[in-house]
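So the protein sequences, as listed, match chains A and B. Quick note: the first sequence uses this note's numbering, first residue 335, plus one each step. Quick note: the second sequence uses this note's numbering, first residue -1, plus one each step. Here a beta-carbon is modelled for each residue, glycine too, at the ideal position from N, C-alpha and C. Predicted model, so just to flag it, every value in this text is computed and none were measured. Following: one structure in C-alpha cells, then a few remarks.
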Amino acid sequence: MNEPQVLIKDFSVSYRTKSGILQAVGNVTLEIGYHESLGIVGESGCGKSTLGVSMLRLLPPNATCKGSILFKGDDLLSLHPDQMRKLRGSEISMIFQDPMTSLNPIMRIRDHFFELFRVHNPGMQKGEMIEIAKEALHSVGVDPSRLDNYPFEFSGGMRQRVMIAISIALKPALLVADEPTTSLDVVVQEQIMQLLKKLKSERNMSIMLITHDMGIVAELAEKVAVMYAGRLVEYAPVRQLYTEPLHPYTRLLLRSIPNIKLDDMDLKYIPGSLPDLKNPPQGCRFYPRCPFSRGVCKDREPPDIRLDDNRRVKCWLYGDG
Amino acid sequence: MSEELLLDVRNLQKVFELKRPWTEALIGKKKPLVRAVDNVSFTIRKAETLGIVGESGSGKTTMGRTVLRLVEPTAGQIIFNGEDIVRFSKGKLRKARKNFQIIFQDPMASLNPYMRIGKIVSHPLEIHNIATPAERKERVLSIFEKVNLIPAEEFYNRFPRHLSGGQRQRVVIARALITNPSFIVADEPTAMLDVSVRSQILKLMIDIKSEFGLTYLFITHDLASAKYICDRIGVMYLGKIVELAETRELFMHPLHPYTKILMSAVPIPDPTLHRKKLLPKGEIPSATNIPSGCRFHTRCPFAMPVCAQEEPKLVDAGSSHLVACHLIKES
C-alpha cells in the first residue's frame, strides 16, 4: 500500500567522453510518493538534470546507467523502447528550462499537441484532440483560441505555459520540471510557480522539481534532495531541511543565498569550487571545501546514513568513521 | 561617499526604429518605434553604487549601454566628470573609454574563445597604448591576483574554455579593471552563475570597489543581490524609472505598486513562511506599444481611472525617495 510511485535504487549514470569516464550520478536512492512534490537542488554539474532526464530514459547515447528506476513497480531501465515511448508524455512528462528551444518553431501549437496524441492514441478524432488541447491551454491560463499560433508569437512566460499545457494534456502521473523558471523573470517565475502548485493539486500529479534555487524549492516542494558532485548528500522533508540542515554543504548553501532581509547584510559564500568529475576526490566529494572535514572524509566516502524514514544524510559527522 | 557627482544623466532617450514590411512602407506607414529608454534622468555620486532593477524588456540593459555610448543615445546628456560625453568626437570618446568600462552578463559570450586569458586582459592596454609589453604583462599578473585568479602565471596562458563560469567572470572583471577606470557598468554580472559562485563574485565586486575607488552602475533583475552592493536603487519599467530611493528605504517602504510586486515575487528560502503575494496581471507589454498614462496601469492591481490618462511624474515623496505613481503625493 505504501509503495512509492517512483523508487530510484542505487542509480548511477556515467558518460563516456573523449577525456575519460565521467560519473554524473552516483548511487542515488530516492523515492517519490503519489501526489508528492520532490525538489532536487544543487549547482550546475551536480547531476540533477541527468537524474531528471533518466526518468524519461532520454539520456544521450554515450551514457550508461546502473541500478534501477521503478515507476509504479516497473523498472523503466529494462522496459522495451516501445513501452517506454508509451509512458513518455502520458504517464511521465517533462518540461525543460528553455521554452524556446523545446518547442518546434515552425509548428503551430496545435500540431505539438496532435503529435503527442497520435503517439498515444492513434485513433483519436480531430475534434476530440482539439478539445483536449483547448482544455489544457485553458488550465494553464492561455487563451484556447491561440491554438493556431506559432511559438514565436508568445512571450517567454507564455511559451513556458504552453510547454506545461502540452506536458499535462494527457494527465501524467509524474511531471519532471527541469529548471522550469530559470530563464524567466521573477514576476513571471512567481506566476509559473503558482500555476504548478495549482496543477499539482487539481490533477493529483507528482512533481520532480529540479532547480538550483533554494527559494523556489521552499515554496513548492514537500521533500527535498540535495545533490553535490553526483551524490545525493541529504534528503529531508522541506521544513526540516531548512530549519535544521545536517550536511555541511546544505548548511553552507542555505547560508550563502542572497536574501532580501535587511537585517542580514553580510554576504556569505562557500569557498572553493566544484570538483572535477573526471577526477573526483577519493573520499567525500565535499571534503576539500568542508569546514568540518576530518581524516576519514579524505580517505573514505561516507555511507548513506538513515536517521529516520524521511531523513538521510551522507556525511561522516552523523555516523562512526 | 563624497557629494561630488561622477555621472549626471539628463533626459536620456533611446528610440530604436524597427523594420516594417515594404507593403506598409508603400502606403506610407511609419516604422514602429521602440522607446527602450524614455526620458531617464539620474545622478551617481563618486564612489556610489546605483542599482537598476527591472524585468527583461524594461530597458535596463539598453540604458547601461547608452550611458557608455556603446549604443548612441537618441537624445539627452550624459555628463561624466563634468563633461558631456554625448558631444565627444569618436576619437575623444575612444580615448575617454579607459575611464569607464563594462562587465557583461555572459562571461562565455564576452570572451574571445581563440584568445588566451592574458591577451584578453592586456588587450585594452594595447588599444589605449598604455605601458610597454613587459609592463603590461606585469600589470595583468597583478590584476589576476586581485581578482583571485591564482596562480596568475598559470592562468595567463589559458583559454576561456579551460575556465569555470566563475573564473571567466573574474577574467571579465580583470579586463574591466586593467585600464584603471573610475566608473563601471555591471550588466547582470552574476545572472549566469551558480548560487555559491554568485556570492563569491558579488563579494569580489564589493572588495575591488573600495580598493580601486570605483563607482558602479549595477544592473540586475535580482533584488536580493542588489541589496548587498547598492547604495541606491532605481526601479525601471518599460523605459522609465518609476521609483528611486536609498536601498534601505526602498526595501523598508516600497511605494510604487510595481516595486511591491517585484519584492513579493522574490522567492524566500523559508518553507515556514506564508506570505500574501502580490501578483500583477499578465506580462510586461511590448515597448513598441507603451500603454497610455501610467505605463504600468494595465497590470497594476491598484489602477484608477486617472492612471490610464495621465502619466505620473517622478516626485519626491520625502527623504529623497522618488516615485512616479498617482497613489503617492509629493511631500
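- If you look at B/A129, you'll find it isn't in any alpha helix (DSSP H); DSSP assigns it neither H nor E.
- Taking CB atoms only, B/P278 has a neighbour in chain A less than 8 Å away.
- Residue-level contact by beta carbon fails for B/D185 and chain A, as no gap is shorter than 8 Å.
- B/M250 has a beta carbon lying within less than 8 Å of a beta carbon in chain A.
- The DSSP-derived three-state label of B/F86 is coil.
- Leaving aside the five residues that flank B/T72 on each side, the residues in its chain whose CB is nearer than 6 Å to its CB run, in chain order, Q11, K12 and V13.
- Interface flag for B/G62 against chain A is unset, since no Cβ pair is found closer than 8 Å.
- Put simply, the CB of A/S607 is near chain B, with a gap under 8 Å to one of its CB atoms.
- Straight-line spacing of the CA atoms in B/Y226 and B/T60 works out to 23 Å.
- Residue contact with chain A for B/G164: present (Cβ-Cβ distance below 8 Å to some residue of chain A).
- At a C-beta separation below 8 Å, B/S54 has these neighbours in chain A: G490 and D519.
- Rounded to the nearest whole angstrom, the C-alpha separation of B/G211 and B/V145 is 15 Å.
- For A/Y349, the beta-bridge partners assigned by DSSP are A/L356 and A/A397.
- For A/F626, no beta strand (DSSP E) run applies, since DSSP gives it neither H nor E.
- For B/F249, the uninterrupted alpha helix (DSSP H) segment begins and ends at T245 to M250.
- When secondary structure is reduced to three states using DSSP, B/N37 falls in the strand class.
- For B/K258, the uninterrupted alpha helix (DSSP H) segment begins and ends at P255 to A263.
- In this structure B/I100 touches B/L66 by the C-beta definition: roughly 6 Å separates them, less than 8 Å.
- CA-CA distance, B/F216 to B/P303, rounds to 35 Å.
- For A/R422, the closest C-alpha among the options A/C618, A/L385, A/H454 and A/D409 is that of A/H454.
- DSSP places A/Q459 outside both helix and strand once states are collapsed to three, so it counts as coil.
- About 6 Å separates the beta carbon of B/I50 from that of B/M234, a gap short enough to meet the 8 Å contact definition.
- Per DSSP, the beta bridge partners of A/A570 are A/V558.
- Residue state for B/T270 is assigned as coil, using DSSP reduced to three classes.
- About 6 Å separates the Cβ atoms of B/I239 and B/V38, confirming a contact at the 8 Å cut-off.
- Within chain B, no residue has its CB atom less than 7 Å from the CB of A/S479, the nearest being about 16 Å off.
- With a cutoff of 8 Å on beta-carbon distance, B/G163 and B/M190 are scored as near each other.
- Selection B/S262, B/E281, B/K279 and B/G280 evaluated against B/R273 yields B/S262 as nearest (Cα-Cα).
- For A/G491, the uninterrupted alpha helix (DSSP H) run begins and ends at G490 to I502, by DSSP.
- For A/P592 and B/I266, the gap between their C-alpha atoms comes out near 10 Å.
- Interface with chain A (8 Å Cβ-Cβ cutoff): B/R8 is excluded.
- Using beta-carbon distances, A/M599 counts as an interface residue toward chain B, with a partner under 8 Å.
- Its Cα nearest to that of A/M428, the residue A/L385 stands out among A/S402, A/D519 and A/L385.
- B/S223 is classed as buried because its beta carbon has at least 16 other beta carbons within 10 Å across all chains shown.
- The DSSP-derived three-state label of B/I176 is coil.
- Ranked by Cα distance from B/L109, the options B/S56, B/Q165, B/K93 and B/T130 are led by B/Q165.
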